[in-house]
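All remarks here apply to the structure that follows.
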Amino acid sequence: MIAKHLAYSAFANQLVTYLSPALGQRKLISVYIDEKPTGLTNGINIVLPQTFHGCDLRQDTAVSRSLVFGLLAHEEVHMFQPLRAVDVIRDQYRIFPVFTNLIEDIQGEAWIARLMPSLNHWLGILRKTTHDNNFARFERMLSTTTGVPNQFELALLLARFNRPGQPFDGGYRIALAGTALPYSRLAVIPFAVSRAQELEPDQLPEFIADIARAFPEICKPLAAPPPPPAPEPVETPFDAENQADEETSDEDAEADADGHRSRDR
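In terms of our numbering, the sequence shown opens at residue 25 and continues consecutively.
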């Protein structure tokens, strides 16, 4: 069983109490460091990865502490967001989860930095670390990827980490060579998503629904309906008359054949 990190747990509880004294009285947050690819929370426990882009978070250094404080602030914003309502919208519009997660992160980091501006310093360090390690790779991937949802995800990731001092750069302009990609759509979505930085947490579900309606590219396509069954044949009076004529012709043919057989005998 992984051990609770007492110092980081104390910081997390102080932070949530500052943001919401009522919530701080109801919740006791525990922070753990485990072998996870990224941070996660269930609303009570926060689990941080052992390493973040090569930095060992188990070591007590200035860099590791800055990254941990940024990760804790990032995870705690989700405790104030209506995540179940967001899940309903995500399922209703069949949105790829990566897009709801991105919008939650953008709204959450901007919101918590408005309430406590000093947190943006640590969040900025977190974003700069991601920028330094991934930004060039995101650019290369966007120039070669062909799947439309992947293109939109990369466009938002580039705008997300283009300027580490802020949660999202809505003015980011994508530079693409050629015309294979839906450039006009990719160029517009960062500006539309940037409005998430102005929202309160309870506005998040309807905003995500608006984005899904404006950009169906971020939604899973509906499955093709099964082909309709073949229509049953309908018998008309003309068909019945033809059938009767055919039966009469068959009877006449049989009678002629009997006559021939009688004469042969």
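Don't be surprised by glycine CBs; every beta carbon is placed ideally from N, CA and C. It should be emphasised that the depicted structure is a prediction, and the values quoted were computed from it without experimental measurement.
For Leu-139, the nearest candidate out of Ser-44, Ser-33 and Leu-30 (CA to CA):
Stepping through the sequence shown from its first residue, residue 139 is reached at position 115. Among Ser-44, Ser-33 and Leu-30, the Cα nearest to that of Leu-139 is on Ser-44.
Quick check: Leu-143 and Ile-149, are their CB atoms within less than 8 Å of each other?
If you number the sequence shown from 1, residue 143 lands on position 119. If you number the sequence shown from 1, residue 149 lands on position 125. No, the pair does not count as a contact, with Cβ atoms beyond the cut-off.
For a test of the three-state rule: what should DSSP assign to Phe-123, helix, strand or coil?
In the sequence shown, the residue the question calls residue 123 occupies position 99. Reduced to three states, the DSSP call for Phe-123 is helix.
Should the segment 78 to 89 be called in touch with the segment 178 to 195, which here means at least 3 C-beta pairs below 8 Å?
no
With DSSP as the reference, please indicate the residues paired to Ser-54 in a beta bridge.
Reading the sequence shown from its first residue, position 30 is the one you call residue 54. Partner(s): Asn-69.
Could you name the residues of the same chain whose beta carbon sits closer than 7 Å to that of Thr-62, not counting the 5 residues immediately before and after it, in chain order?
As a working note, residue 62 is residue 38 in the sequence shown. If we look at Thr-62 and ignore the five residues flanking it on each side, its Cβ neighbours are Pro-73.
According to DSSP, is Asp-115 part of a helix, a strand, or is it coil?
What you label residue 115 is simply residue 91 of the sequence shown in a count that begins at 1. Here Asp-115 sits in helix by DSSP.
Here's the rule I'm using: 16 or more other beta-carbon atoms within 10 Å means buried, otherwise exposed. How should Ala-281 be labelled?
In the sequence shown, counting from the first residue as 1, residue 281 sits at position 257. Here the model assigns Ala-281 a pLDDT of 47, short of 50, so the residue's position is not dependable and the matter cannot be decided.
Closer than 7 Å by C-beta to Ala-36: which residues in its own chain qualify, once you throw out the five before and the five after it? Chain order, please.
The count along the sequence shown starts at 1 and reaches residue 36 at position 12. Closer than 7 Å at the Cβ level, and outside the excluded window around Ala-36, lie Ile-53, Val-55, Ile-70, Leu-96 and Glu-100.
Collapsed DSSP secondary structure at Thr-154 in the structure displayed:
Sequence index remark: in the sequence shown, residue 154 carries index 130 (1-based). Correct three-state label for Thr-154: helix.
Under 8 Å by Cβ, that's how I've got Glu-133 and His-102 pegged, so tell me the actual separation to the nearest angstrom.
To locate residue 133, count along the sequence shown from 1; it is residue 109. To locate residue 102, count along the sequence shown from 1; it is residue 78. No, Glu-133 and His-102 are not in contact; Cβ-Cβ is about 11 Å, not under 8 Å.
Nearest-angstrom Cα separation, counted from Pro-255 out to Gln-175:
One-based indexing of the sequence shown puts residue 175 at position 151. One-based indexing of the sequence shown puts residue 255 at position 231. Approximately 43 Å between the Cα atoms of the pair.
Put Phe-239 into one of helix, strand or coil per three-state DSSP.
Reading the sequence shown from its first residue, position 215 is the one you call residue 239. Looking at Phe-239 - three-state DSSP - the assignment turns out to be coil, as it is neither helix nor strand.
Within 10 Å of its beta-carbon, does Gly-94 have 16 or more other beta-carbons around it, so buried, or fewer, so exposed?
Position 70 of the sequence shown, counted from the start, is the residue given in the question as residue 94. That one is buried.
Span of the alpha helix (DSSP H), counted from its first residue to its last, around His-98:
Counting from one through the sequence shown, the residue named residue 98 turns up at place 74. 86 to 100 is the span of the alpha helix (DSSP H), which, as asked, contains His-98.
Could you pull the DSSP bridge partners for Leu-64 from this structure?
Counted from its first residue, the sequence shown places residue 64 at position 40. Leu-64 is bridged to Val-71.
Report the three-state DSSP secondary structure of Asp-226 (helix, strand or coil).
Mapped onto the sequence shown, residue 226 falls at position 202. Helix, per DSSP.
Hey, would you say Ile-113 sits closer than 8 Å to Ile-232, going by beta carbons?
Indexing the sequence shown from 1 puts residue 113 at position 89. Indexing the sequence shown from 1 puts residue 232 at position 208. In contact: Ile-113 and Ile-232 (Cβ atoms closer than 8 Å).
With a threshold of 8 Å on Cβ separation, who are the neighbours of Ala-220 within its own chain once the five nearest residues in sequence on each side are excluded?
The sequence position of residue 220 within the sequence shown is 196, counting from 1. So the qualifying residues of the chain are Ile-127, Ile-130, Gln-131, Ala-134, Phe-192, Leu-228 and Phe-231.
State the Cα-Cα distance for the pair Arg-184 and Pro-253, rounded to the nearest angstrom.
On the sequence shown, position 160 is the one that residue 184 refers to. On the sequence shown, position 229 is the one that residue 253 refers to. Cα to Cα, Arg-184 sits roughly 49 Å from Pro-253.
In the DSSP assignment, the alpha helix (DSSP H) including Ser-33 goes from what residue to what residue?
Translated into the one-based positions of the sequence shown, residue 33 becomes position 9. Counting along the chain, the alpha helix (DSSP H) containing Ser-33 begins and ends at 30 to 43.
What would DSSP say about Asp-193, mapped onto helix, strand or coil?
Counting from 1 along the sequence shown, the entry for residue 193 is found at position 169. Correct three-state label for Asp-193: coil.
With 16 as the cutoff for other CB atoms within 10 Å, does Asn-186 come out buried or exposed?
Position 162 of the sequence shown, counting from 1, holds the residue named residue 186. Per the 10 Å Cβ criterion, buried.
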